[in-house]
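Numbering (our numbering), first residue to last: 169 to 346.
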């Protein structure tokens, strides 16, 4: 072991500096680094939680809008009518749209409702005859219906006798979540 009192002043200063450096390094590795690491982890965890709280507050701020949108689509989620009534409601909407656009509804062929995963799908084949602008208006009215009707397929053919008359075959569907 080194006898510190017998060392010269310069050597004692060097020994104390080396001892200080060793003690400081030891404290850094054993005490300061783990505490610093833990504080950084906590800071990043707090930042993540703050971001989640901000997102939650934004959602809470839009609570009324979300509720209003939910009320708008509630009829499509809650089943209030039987399958037959739903199909009749869908067909009446198709007939009303045809009447409003002055196209002739030649044929309506409804299919029984099919259950797909978590929803029911109502479908019907329709055959329509009319002028192209009126037919386009009819298809637009179906797509913008409050029942969320969808045109799954569409086939257009020219009626043989008149050039401006078009015959359309369409598969119209409606989806409800029971």
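Even glycine gets a Cβ: it sits at the ideal position worked out from N, Cα and C.
Buried or exposed (CB count within 10 angstroms, at least 16 for buried), residue i
i	result
residue 277	exposed
residue 342	buried
residue 241	exposed
residue 310	buried
residue 112	This structure does not reach residue 112, given that the chain is present from 169 up to 346, and the question cannot be answered.
residue 212	exposed
residue 190	exposed
residue 294	buried
residue 265	buried
residue 181	exposed
residue 345	exposed
residue 194	exposed
residue 203	exposed
residue 238	exposed
residue 358	With the chain covering only 169 through 346, there is no way to say anything about residue 358.
residue 257	exposed
residue 338	buried
residue 262	buried
residue 188	exposed
residue 306	buried
residue 317	buried
Coarse secondary structure for residue i, derived from DSSP in three states
i	result
residue 282	strand
residue 249	coil
residue 320	strand
residue 359	Missing from the structure shown is residue 359; the chain here goes from 169 to 346 and no further.
residue 298	strand
residue 175	coil
residue 327	coil
residue 315	coil
residue 271	coil
Whole-angstrom C-beta distance between residue j and residue i, which should lie under 8 Å
i	j	result
residue 279	residue 254	The Cβ separation is near 12 Å, so there is no contact.
residue 340	residue 303	Their Cβ separation, rounded to whole angstroms, is 14 Å, which puts residue 340 and residue 303 out of contact at 8 Å.
residue 236	residue 297	Incorrect: roughly 41 Å between the Cβ atoms, too far for contact.
Any chain C beta carbon closer than 9 Å to residue i
i	result
residue 208	This model lacks chain C altogether, as it is built from one protein chain only.
Below 8 Å, how does it come out for the region 270-285 and the region 309-328: are there three or more Cβ pairs, yes or no? no
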